[in-house]
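Add 629 to the 1-based position in the sequence shown for my numbering, that's all there is to it.
What follows is one structure encoded as structure tokens, with my remarks underneath.
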Amino acid sequence: MNSPATIELKNFKINTQIGLFGLGEIAPKEHLLDLTLSIDPKYVLIEQDGMQHVFDYDPLIADIERLASDCHYETQERLLTCIAQACASYDQINSVEIFLRKSPLKNGSGSLGLRIMLDKQVLNKKS
Numbered sequence: 630m631n632s633p634a635t636i637e638l639k640n641f642k643i644n645t646q647i648g649l650f651g652l653g654e655i656a657p658k659e660h661l662l663d664l665t666l667s668i669d670p671k672y673v674l675i676e677q678d679g680m681q682h683v684f685d686y687d688p689l690i691a692d693i694e695r696l697a698s699d700c701h702y703e704t705q706e707r708l709l710t711c712i713a714q715a716c717a718s719y720d721q722i723n724s725v726e727i728f729l730r731k732s733p734l735k736n737g738s739g740s741l742g743l744r745i746m747l748d749k750q751v752l753n754k755k756s
């Protein structure tokens, strides 16, 4: 078995609305996403330069941006599930780690988030 290669997206600020907030409650100012994709090293260690030899992550980023702005989500869990389903639609992705968080949490500080790691078997069930 080959050792996996990873593609990492860190601190990606997504434009989304998540949560239900009562009068006087403070909504988070930002939602950040970390995404680690495990792929076959053949998409990283290439003999010649060219997009046809690598995993093009730009369409996945566009999918995530679209999902994030599609609607108002009540929960982070739902958006995280939608992102996992988007990842599952790419055959090149063998596993994924998703970390979605919002901040600030209270008193202008802190963050609160969800992290999930899904392998190919679970991803195949999500697509």
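The C-beta atom is built at its ideal place from N, Cα and C for all residues, glycine as well.
These numbers come from a predicted model, not from an experiment.
- How close, in whole Å, do the beta carbons of residue 724 and residue 670 come, if the pair is a contact with beta carbons under 8 Å? Not a contact, Cβ separation roughly 14 Å.
- Can you check the stretch 645 to 700 for any beta strand (DSSP E) of at least 3 residues that lies completely inside it and give the ranges in chain order? 659 to 668
- Task: Quick one: residues in its chain with C-beta nearer than 7 Å to the C-beta of residue 754, no 5 flanking neighbours on either side, listed in chain order?
- Result: none
- Message: Going by DSSP in three states, residue 706 sits in which element: helix, strand or coil?
- Response: helix
- Item | Closest residue to residue 662 among 721, 749, 732, 750 (Cα-Cα distance) | 732
- Query: How would you label residue 677, buried or exposed, when you count the other beta carbons within 10 angstroms and need 16 or more for buried?
  - Reply: exposed
- Message: Per DSSP, what are the beta-bridge partners of residue 751 in this structure?
- Response: DSSP output for residue 751 lists no bridge partner at all.
- Task: Spell out the partners DSSP gives residue 634 in its beta bridges.
- Result: 668
- CB of residue 645 within 8 Å of CB of residue 717, strictly: no
- Could you tell me whether the Cβ atoms of residue 729 and residue 743 are closer together than 8 Å? yes
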